[in-house]
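Some notes on the structure that comes next.
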Amino acid sequence: MTTTVAKTHGGETDAPYTLSHLDALESEAVHIFREVAGEFERPVILFSGGKDSIVMLHLALKAFAPAAIPFTLLHVDTGHNFPEVLDYRDRAVERHGLRLHVASVQDYIDRGVLKERPDGVRNPLQTLPLTEKIQAEKFDAVFGGGRRDEEKARAKERVFSLRDEFSQWDPRRQRPELWNLYNGRHAPGEHVRVFPLSNWTELDVWQYIAREGIELPDIYFAHEREVFQRAGMWLTAGEWGGPKSDETVEKRQVRYRTVGDMSCTGAVDSDAVTLDDVIAEIAASRLTERGATRADDKLSEAAMEDRKREGYF
Numbered sequence: 008m009t010t011t012v013a014k015t016h017g018g019e020t021d022a023p024y025t026l027s028h029l030d031a032l033e034s035e036a037v038h039i040f041r042e043v044a045g046e047f048e049r050p051v052i053l054f055s056g057g058k059d060s061i062v063m064l065h066l067a068l069k070a071f072a073p074a075a076i077p078f079t080l081l082h083v084d085t086g087h088n089f090p091e092v093l094d095y096r097d098r099a100v101e102r103h104g105l106r107l108h109v110a111s112v113q114d115y116i117d118r119g120v121l122k123e124r125p126d127g128v129r130n131p132l133q134t135l136p137l138t139e140k141i142q143a144e145k146f147d148a149v150f151g152g153g154r155r156d157e158e159k160a161r162a163k164e165r166v167f168s169l170r171d172e173f174s175q176w177d178p179r180r181q182r183p184e185l186w187n188l189y190n191g192r193h194a195p196g197e198h199v200r201v202f203p204l205s206n207w208t209e210l211d212v213w214q215y216i217a218r219e220g221i222e223l224p225d226i227y228f229a230h231e232r233e234v235f236q237r238a239g240m241w242l243t244a245g246e247w248g249g250p251k252s253d254e255t256v257e258k259r260q261v262r263y264r265t266v267g268d269m270s271c272t273g274a275v276d277s278d279a280v281t282l283d284d285v286i287a288e289i290a291a292s293r294l295t296e297r298g299a300t301r302a303d304d305k306l307s308e309a310a311m312e313d314r315k316r317e318g319y320f
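Written as structure tokens, this is what we have:
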């Protein structure tokens, strides 16, 4: 994809120049960040230390450089997150001098507000801590790293996605989005989820990471790890409750295409140890990253949409 832009100077139009598809995507995302800064009072960026949130933070820093970004960060910690990813999260926050809010699923379990699921998966338990944190901090815009190529429910969501006073999403209330015009109007108590990477693909994200030289957690590259197989996926053995007595742990060379809760995020067999290797691997893949590696999306045919209606990312 390329975009042609006509430069103007002194009232005259110069010869047009062409943006690469990555430049066009970057420009769109930067515009979205600046639009939110101009329209909303208390925006926040969901930042987990995963690749999409890392790219989102990189774009936000670019949008307001050399000034500091006018947003804080928020992470919903399941208690079963990958240690490598949490370490990256904390280093990024310190490096850029940012403020991080953390909503803890474990706190809700300890207080008896939430109960552990029989399967041990905690990703579906993130909704209540997330929505209550949004309400408590009075955030009126929440940036998420969701992309339309990931999953069918995300494919039909707008860039500016209105949520009601209970943080619920109603697809029938979506507004038209013409060109780069976004409607951020909302009633008191409501907020807007904003997705600057909506039009990006997984391949776009990795090509942009390579172009910009963005550092990532090592978990995204091939490495030897103790894993066991469950429901056709390689899960990490750890303190979260896996494996069961009939599940065998083995060492394999794997990497992660997406990073969520350890209990529901599967690794893929891979020899991709460099950015170029990963890009080549993704270009040849015919499965989406979530379709291949996320057990929480397989709880039902409409698992993601059901969770989004309840207030999930």
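Under our numbering, the residues of the sequence shown are numbered 8 to 320, in order. C-beta atoms are modelled at their ideal positions from N, C-alpha and C, and glycine is treated no differently. None of these values were measured; they are calculated from a predicted model.
Check whether residue i and residue j have beta carbons under 9 Å apart
i	j	result
residue 233	residue 244	yes
residue 2	residue 61	For the chain, the structure presents residues 8 to 320; residue 2 sits outside this window and is missing.
residue 193	residue 146	no
residue 213	residue 289	yes
residue 155	residue 209	no
residue 202	residue 166	yes
residue 211	residue 68	no
One or two residues paired with residue i in a DSSP bridge
i	result
residue 168	200
residue 50	148
residue 281	Bridge partners of residue 281: none, in fact.
residue 240	237
residue 60	Partner(s): none; residue 60 has no beta bridge.
residue 231	260
residue 109	82
Cα-Cα separation between residue i and residue j, rounded to whole angstroms
i	j	result
residue 317	residue 59	22 Å
residue 126	residue 247	11 Å
residue 55	residue 109	10 Å
residue 270	residue 130	9 Å
residue 170	residue 180	9 Å
residue 90	residue 81	17 Å
residue 121	residue 113	9 Å
residue 46	residue 191	7 Å
residue 96	residue 38	25 Å
residue 26	residue 48	32 Å
residue 303	residue 23	Per-residue confidence for residue 303 stands at a pLDDT of 49, beneath the threshold of 50, marking its modelled position as unreliable; the derived number appears in the next sentence. Cα-Cα distance, rounded: 47 Å.
residue 43	residue 188	12 Å
residue 157	residue 293	12 Å
residue 87	residue 235	16 Å
residue 71	residue 176	30 Å
residue 102	residue 252	42 Å
residue 50	residue 163	23 Å
residue 107	residue 295	30 Å
residue 132	residue 119	13 Å
residue 178	residue 93	33 Å
residue 291	residue 124	36 Å
residue 34	residue 186	13 Å
residue 115	residue 138	13 Å
residue 278	residue 30	29 Å
Reference residue i, options the options, closest by Cα
i	options	result
residue 273	33, 279 and 265	265
residue 173	212, 200 and 118	200
residue 76	94, 84 and 52	52
residue 254	263, 241, 261 and 260	241
residue 140	152, 83, 156 and 287	83
residue 223	23, 65, 44 and 27	65
residue 283	128, 220 and 204	220
residue 286	28, 71, 218 and 115	218
residue 117	102, 196, 104 and 136	136
residue 256	163, 93, 183 and 237	237
residue 239	152, 142 and 276	276
residue 28	148, 215 and 291	215
residue 85	92, 268, 185 and 70	268
residue 160	107, 50, 259 and 205	205
residue 323	196, 281 and 162	Look at the range of the chain in this structure, 8 to 320, and you will see that residue 323 is not part of it.
residue 229	259, 124 and 252	259
residue 280	235, 252 and 225	225
residue 184	128, 94 and 168	168
residue 79	40, 93 and 94	40
residue 263	227, 92, 115 and 119	227
residue 149	63, 163 and 119	63
residue 57	152, 178, 186 and 250	152
residue 105	74, 138 and 278	74
residue 128	278, 291 and 249	249
Test: residue i CB closer than 9 Å to a CB of chain B
i	result
residue 53	In the structure shown, chain B does not exist; there is a single protein chain.
Practice problem: Identify every run of the alpha helix (DSSP H) within the stretch 57-106, keeping only runs that are complete inside it and at least 4 residues long; order them along the chain. | Solution: Complete alpha helix (DSSP H) runs here, min 4: 58-71 and 90-103.
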